[in-house]
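Enquirer: Pasting a structure here, questions to come.
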Amino acid sequence: MRQKRQEREVTEKKEALEREKLRIRSGKEMVAARKKLEEDEVKKLVEQRKREKLEEKLARQRVRDQIEQDKIARRAKFGITTPTDGAQQQPATAVVIPTLQPMTSQPAKDYAQTRLQIRLTNGEALTQTFGSKEQLSAVRLYVEMNRTDGDGPFSLMTNFPKKVFAEDDYEKPLDLLGLVPSAVVIVSRTQ
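This is how it looks when you write it as structure tokens:
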């Protein structure tokens, strides 16, 4: 009887010791798993931040490239040469005047449509054709429905000529706002 009790106590102690070892081992495994999870999360955040920085850099570069292409196209359209020093600035002005005179003497073309390139805040561009008599509010609605740069209030503007459209401009037709036959409209966030 006594021997059975001793054997049972020894067995219970062994089982308790095994349970304790198992508890410690599983606790260590849980800590290790939690640590690995946290490390993975930090790695993901670092990689995401790097990716975002790279995307921002590429978007800025695309905008710069597009602006430069627009400048070159505009110079070619109006026959303007880029001056390299002050002495060449006078002939450049003389070139602009003759090209503008024939344009003013001819009747202005009546365009039925306009092609707009809409630059979003994330650097992406939407291109869409609108009727020249459509109001600017149609462009705003198109941007709201198709933008990929997140939600939030925004305003529309052009760089050439520099103009931020006010609320009353949204009721005006595109041809009256000078957005015909084609134009670049920039979306900017408002607070």
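Here the sequence shown is numbered in our numbering, starting from 7 and rising by one per residue. The beta-carbon is built from N, C-alpha and C at its ideal position, and this holds for glycine as well.
Classify M163 as helix, strand or coil using the three-state DSSP reduction.
Expert: For the purposes of this step, residue 163 is taken as residue 157 along the sequence shown, with counting starting at 1. Of the three classes helix, strand and coil, the one that applies to M163 here is strand, per DSSP.
Enquirer: Mark T110 as exposed unless 16 or more other C-beta atoms lie within 10 angstroms of its C-beta, in which case mark it buried.
Expert: Sequence index remark: in the sequence shown, residue 110 carries index 104 (1-based). Only weak support exists for where T110 lies, its pLDDT of 46 falling under 50; the coordinates are left without a value.
Enquirer: Just the Cα atoms here: how many angstroms apart are G156 and N128?
Expert: Taking the first residue of the sequence shown as 1, we reach residue 156 at position 150. Taking the first residue of the sequence shown as 1, we reach residue 128 at position 122. Spanning the two alpha carbons is a distance of roughly 9 Å.
Enquirer: Quick check on the burial criterion: 16 or more other C-beta atoms within 10 angstroms. Buried or exposed for T120?
Expert: Counted from its first residue, the sequence shown places residue 120 at position 114. When all chains shown are included, T120 counts as buried.
Enquirer: Ignore the nearest five residues each way along the sequence and tell me which others in Q197's own chain have a CB closer than 7 Å to its CB.
Expert: Along the sequence shown, one-based indexing puts residue 197 at 191. Nothing meets the Cβ criterion.
Enquirer: Identify every residue that forms a DSSP beta bridge with F84.
Expert: Your numbering for residue 84 matches position 78 in the sequence shown. Bridge partners of F84: none, in fact.
Enquirer: Buried or exposed: where does I30 fall if 16 or more other Cβ atoms within 10 Å of its Cβ makes it buried?
Expert: Translated into the one-based positions of the sequence shown, residue 30 becomes position 24. Exposed.
Enquirer: Do L180 and E140 have their CB atoms nearer than 8 Å?
Expert: Residue numbering aside, residue 180 sits at position 174 when the sequence shown is read from its first letter. Residue numbering aside, residue 140 sits at position 134 when the sequence shown is read from its first letter. Closer than 8 Å, so yes.
Enquirer: Please list the terminal residues of the continuous alpha helix (DSSP H) segment that includes L147.
Expert: Numbered from 1 along the sequence shown, position 141 holds the residue referred to as residue 147. Note, L147: alpha helix (DSSP H), L142 to N152.
Enquirer: Residue range of the beta strand (DSSP E) that A189 falls in?
Expert: In the sequence shown, counting from the first residue as 1, residue 189 sits at position 183. First-last of the beta strand (DSSP E) with A189: S188 to R195.
Enquirer: Is the CB-CB distance between V149 and V193 below 8 Å?
Expert: Position 143 of the sequence shown, counting from 1, holds the residue named residue 149. Position 187 of the sequence shown, counting from 1, holds the residue named residue 193. Yes; because the gap between Cβ atoms is below 8 Å, this pair is in contact.
Enquirer: Pull up the distance between the alpha-carbon of D76 and that of F166, whole angstroms please.
Expert: In the sequence shown, residue 76 corresponds to position 70, counting from 1. In the sequence shown, residue 166 corresponds to position 160, counting from 1. Taking the straight line joining both Cα atoms gives about 9 Å.
Enquirer: Looking at the structure shown, is L132 part of a helix, part of a strand, or coil, going by DSSP?
Expert: Stepping through the sequence shown from its first residue, residue 132 is reached at position 126. Residue state, collapsed to three classes: strand.
Enquirer: If you check the beta carbons only, do Q134 and V190 fall under 8 Å apart?
Expert: Position 128 of the sequence shown, counting from 1, holds the residue named residue 134. Position 184 of the sequence shown, counting from 1, holds the residue named residue 190. For Q134 and V190, no; Cβs fall outside 8 Å.
Enquirer: Go ahead and label E195 buried or exposed: buried means 16 or more other beta carbons lie within 10 angstroms of its beta carbon, across all protein chains shown.
Expert: Counting from one through the sequence shown, the residue named residue 195 turns up at place 189. The sequence shown places Arg at residue 195, rather than the Glu named in the question. Exposed, because fewer than 16 other Cβ atoms sit within 10 Å of the Cβ of R195.
Enquirer: On the three-state DSSP scale, how would you describe T120?
Expert: Sequence index remark: in the sequence shown, residue 120 carries index 114 (1-based). Of the three classes helix, strand and coil, the one that applies to T120 here is strand, per DSSP.
Enquirer: Residues bridged to Q169 by DSSP?
Expert: Numbered from 1 along the sequence shown, position 163 holds the residue referred to as residue 169. Gln is not the amino acid found at residue 169; the sequence shown has Lys there. Answer by DSSP bridge pairing, in chain order: T164.
Enquirer: Which same chain residues, not among the five before or five after D175, have their C-beta less than 8 Å away from its C-beta?
Expert: For the purposes of this step, residue 175 is taken as residue 169 along the sequence shown, with counting starting at 1. Closer than 8 Å at Cβ, skipping near neighbours: L142 and L183.
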